[in-house]
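Undergrad:
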Amino acid sequence: MATTQAPTPPAVSQTDSTSLLPGKLVRARPLFDPEIVRRALRDSFIKLNPITLVKNPVMFVVEVGAALTTIFLIRDVSIGSGARLFETQISIWLWFTVLFANFAEAMAEARGKAQADTLRKTKTDSMGRRLCNNGKVEIVPASKLRSGDVVMCETGDLIPGDGEVVEGIATVDESVITGESAPVIRESGGDRSAVTGGTKVLSDHVKVRITSNPGETFLDKMIALVEGAERQKTPNEIALNILIAGLTLIFLLAVATLHPFAVYAVSSVGAGKAPTIAVLVSLLVCLIPTTIGGLLSAIGIAGMDRVMQHNVLAMSGRAVEASGDVNTLLLDKTGTITLGNRQAVEFIAFEGVTAAELADAAQLSSLADETPEGRSIVVLAKEKHGLRGREISDHEAHFIPFSAYTRMSGVDIDGRMLRKGASGAIATFVKELGGELPGNFEEISDRISRGGGTPLAVADGPRALGIVHLKDIVKGGMKERIGQLRAMGIRSVMITGDNPLTAAAIAAEAGVDDFLAQATPADKLTYIKRQQAEGRLVAMTGDGTNDAPALAQADVGLAMNTGTTAAKEAGNMVDLDSNPTKLIEVVAIGKQLLITRGALTTFSIANDVAKYFAIIPAMFMATYPVLGRFNIMGLHTPQSAVLAAVIFNALIIIALVPLALRGVKYRPAGAASLLRRNVLIYGIGGIIVPFPGIWLLDQLLVLLHLA
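If you're matching positions, the sequence shown starts at 8 in my numbering and goes up one per residue.
Rendered as structure tokens:
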């Protein structure tokens, strides 16, 4: 029986990238990319539609105020009365206030739409080889494939749709999705069986069972989510919207009742005049939290955009925000903390046996073994002892497949019975053939087990040759990344089905805070529920079908793109790079989103204080001269003071757009430290900045004879 060595391309990584490399499909465009700015400017005017703007109560009130002042301006122009220059400028700047707020939101949305356009260009209606029930193959367009169809993909083919590899192994170029140039291995069974439509087979061939219908592919979902058209508001964002809507209503009622009181005050004092509609609307716009009202939506959309720039697909803004409050992170061991498959790392020969002899026997017994462990033995024998695949068709080789009953596999060749398998199974095999075990057989096996590895014994008939050390390889840099999580106040817990001894060794090597050994899917689910019942927010990364229930239960479920379809559907985020520690970036972005929202809310409320000092004295100084003492900025006239405050109110929104889109820089720190920093920078800063700003605008307006 002839056989050849299992394909193991030397240049192919067994896992996806574990670090963020340049070249992502969704690249971070310049903040004010001309294409994005043009689209945002156009959308800013489209968003003036009251039906659209009513979703933002603050800016809707500003638009109504702008429309009201415009109507009164037209009336005054037609009858030739009123302070037309002043009213014209107020109307223009109120409309600018609405447009600037729309521009902030449109900029955030335009970035997502531009990225979606890039993704659409990658979509092609490729052809697929569909396997029919009669065994024949028919060539059909990808758009005709349905869930459940099985297609054959060979070297050079584009995989026609999302699916699961059901037979074979191949190297696949996924750069169209991940932006990474290094190909990856996709194989049947295990947790690296998922493939994405549009990716390319580089070597070998696989059978793929299609798991999506046209229009429902992973790429289609990416496009819809990146565009952000259906982005739902998060609970915190809804709560903040209610707060600022409540403040708006309160100030609306206050200003509405101010006019009759002003009329009464003027008539009783016999001096001054009641404020005009333009002045009252200006007062209202400067009192309500227009700054955060104009930027709130942009902050949330930009947060999702930053997640996407890290090659993570967030199914909702709720997931991004929740990641900022995560307390506990559950990491699935296999494929997450470790590379995903045990690999041969050492040949340990018994006394009287050379390492080369052991490697030769282990390689021969593994030539037909298509498991990752078997292939790793072939590779190790080649690397350590120069043993290459050999032609054995003339040797009447009979390969013995692995059986869960015997717990062994191997080959009968040239009268030799070469076997490899679990230590206990090989010990029984040797004894049944009349052989004796070396004295250190159990000692070596136990030592490997205590170190977190798996001993794989090798025998040549009644002669035990040695042990192959199989090890779960912890991904490079994992300990440092776990340390970063710890610095962010996040407790890491490794979840594994291994025995406690092996789990403890791998947990120590990876640097996690705790581990849950011999964990079943039910155990994972119970652990998450217990953490949540104690008031903690839980995040989990995983890639297998057995991770799906826990991913669905977790507050943040980050599924690996290399994982199964069930895992990706259960999670609320998918990492296109399949880098489990990517959650560090996601958590940082979530915290950055929360901090940015808090900082700009603080600034918005604080800077209203300065506007009070500008407008209120200006409105009533003529009637109550004592209020002039509050004109601490020395503003020239009531008109220049009101106009300067309105202009500043509009310009501050556009000035803060870059901060809203980029986000406030996050540094790992405690809640008290972050609050103190917010108050010092954005609270005190929000109070101080408007004073010189309004003063300068007042000087400029007087200089230009505009007030």
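From the three backbone atoms N, C-alpha and C, an ideal C-beta is built for every residue, glycine too. Treat the numbers as computed from the prediction; the structure is a model and nothing was measured.
Leaving out the 5 sequence neighbours to the left and right, which residues in its chain are closer than 7 Å to A363 when beta-carbon positions are compared?
TA: Cβ neighbours of A363 beyond the five flanking positions: H392.
Undergrad: Helix, strand or coil for S452, going by three-state DSSP, please let me know.
TA: In the structure shown, S452 sits in a helix (DSSP, three-state: H, G or I).
Undergrad: Grab me the residues of Q706's own chain with a C-beta within less than 6 Å of its C-beta, minus the 5 sequence neighbours each way, in chain order.
TA: None.
Undergrad: Please classify L440: does DSSP put it in a helix, a strand, or coil?
TA: DSSP places L440 in coil when its eight states are reduced to three.
Undergrad: For E450, count neighbouring Cβ atoms within 10 angstroms of its own Cβ and tell me buried if that reaches 16, exposed if not.
TA: By the 10 Å Cβ count, E450 comes out exposed.
Undergrad: Whole angstroms are fine: how far does the CA of M311 sit from the CA of A236?
TA: Confidence is the limiting factor: at A236 the pLDDT is only 42, short of 50, which leaves the residue's position unreliable, though a coordinate-based value still follows. Computed Cα separation, rounded: 12 Å.
Undergrad: In angstroms with no decimal places, state the Cα-to-Cα distance between E487 and Q316.
TA: Cα to Cα, the separation comes out at about 23 Å.
Undergrad: With a Cβ-Cβ cutoff of 7 Å, do K214 and G168 count as a contact?
TA: In this structure, G168 does not lie closer than 7 Å to K214 by Cβ.
Undergrad: Within its chain, find whatever has a CB closer than 7 Å to the CB of T218; leave out the 5 residues flanking it on each side and keep chain order.
TA: Here the set comprises S154, D169, G170, E171, T572.
Undergrad: Apart from the five residues just before and just after G468, which ones in its own chain have a Cβ nearer than 6 Å to its Cβ?
TA: The residues are M424, L440.
Undergrad: What would DSSP say about K31, mapped onto helix, strand or coil?
TA: In this prediction, K31 has a pLDDT of 47, which is less than 50 and means its spatial position is unreliable; what the coordinates show is noted afterwards. Correct three-state label for K31: coil.
Undergrad: Under 6 Å: does the beta carbon of I701 sit that close to some heavy atom of the ligand GTP?
TA: As for the ligand GTP, it is missing from this structure, which has no ligand bound.
Undergrad: Please identify the residue among E592, F409, N656 whose C-alpha is closest to the C-alpha of M495.
TA: Ranking E592, F409, N656 by Cα distance to M495 puts E592 first.
Undergrad: Write down the C-beta distance between F110 and L152 rounded to the nearest angstrom, noting that I regard them as a contact closer than 8 Å.
TA: Not quite, the Cβ-Cβ distance comes to about 43 Å (not below 8 Å), so this is no contact.
Undergrad: Under the rule that 16 or more other beta-carbon atoms within 10 Å means buried, what is S410, buried or exposed?
TA: Under this definition S410 is an exposed residue.
Undergrad: Could you tell me the distance, in whole angstroms, from the CA atom of T15 to the CA atom of R382?
TA: Bear in mind that a pLDDT of 34 at T15, under 50, signals an unreliable position, so the number given afterwards is only what the model happens to contain. In a straight line, the C-alpha of T15 is about 7 Å away from that of R382.
Undergrad: So what's A429 in DSSP terms, helix, strand or just coil?
TA: Reduced to three states, the DSSP call for A429 is strand.
Undergrad: For I701, which residues in the same chain have their Cβ closer than 6 Å to its Cβ, ignoring the five residues on either side in sequence?
TA: Excluding positions up to five away in sequence, the list reads A621, A651, A652, F655.
Undergrad: Assess contact between the segment 605-623 and the segment 364-372, defined as three or more Cβ pairs (one per stretch) separated by less than 8 Å. Is contact present?
TA: Segments in contact, no.
Undergrad: Classify E237 as helix, strand or coil using the three-state DSSP reduction.
TA: Model confidence at E237 stands at a pLDDT of 44, short of 50, so the residue's coordinates are unreliable; what they give is reported in the following sentence. Reduced to three states, the DSSP call for E237 is coil.
Undergrad: Between A606 and the rest of its own chain, which residues show a CB-CB distance below 6 Å, the 5 nearest in sequence each way excluded?
TA: Same-chain partners within the cutoff: V671, N685, Y689.
Undergrad: Name the two residues that bound the continuous alpha helix (DSSP H) containing S51.
TA: Where S51 is concerned, the enclosing alpha helix (DSSP H) stretches over 41-53.
Undergrad: Can you name the start and end residues of the beta strand (DSSP E) that H405 belongs to?
TA: Unbroken beta strand (DSSP E) run through H405: 405-407.
Undergrad: Count the CB pairs spanning the segment 332-342 and the segment 529-546 that are closer than 8 Å, and state whether there are at least three.
TA: Segments in contact, yes.
Undergrad: From A526 to L583, what does the alpha carbon distance come to, in whole angstroms?
TA: Roughly 26 Å separates the two Cα atoms.
Undergrad: In this structure, how does DSSP classify A3 when only helix, strand and coil are distinguished?
TA: The structure shown does not extend to residue 3, since the chain is modelled only from 8 to 714, so the question has no answer here.
Undergrad: Evaluate contact between the segment 255-272 and the segment 285-300, counting only Cβ atoms and requiring at least three cross-stretch pairs below 8 Å.
TA: Result yes; three or more Cβ-Cβ pairs closer than 8 Å.
Undergrad: Is DSSP giving P148 helix, strand or coil here?
TA: Of the three classes helix, strand and coil, the one that applies to P148 here is strand, per DSSP.
Undergrad: When the Cα atoms are used, what is the spatial distance from I695 to P41?
TA: Going by the C-alpha atoms only, they are around 33 Å apart.
Undergrad: Taking 7 Å as the threshold (C-beta atoms), are A529 and A555 in contact?
TA: Going by C-beta atoms, A555 is not nearer than 7 Å to A529.
Undergrad: Between the C-alpha atoms of S680 and G490, what's the straight-line distance to the nearest angstrom?
TA: One C-alpha to the other measures close to 20 Å.
Undergrad: On a Cα-Cα basis, can you pick out the residue from K280, V385, L663, A149 that is closest to M626?
TA: Comparing Cα-Cα distances from M626 to each of K280, V385, L663, A149, the minimum goes to K280.
Undergrad: What did DSSP end up calling I58 once you bin it into helix, strand or coil?
TA: If DSSP states are grouped into helix, strand and coil, I58 belongs with the helices.
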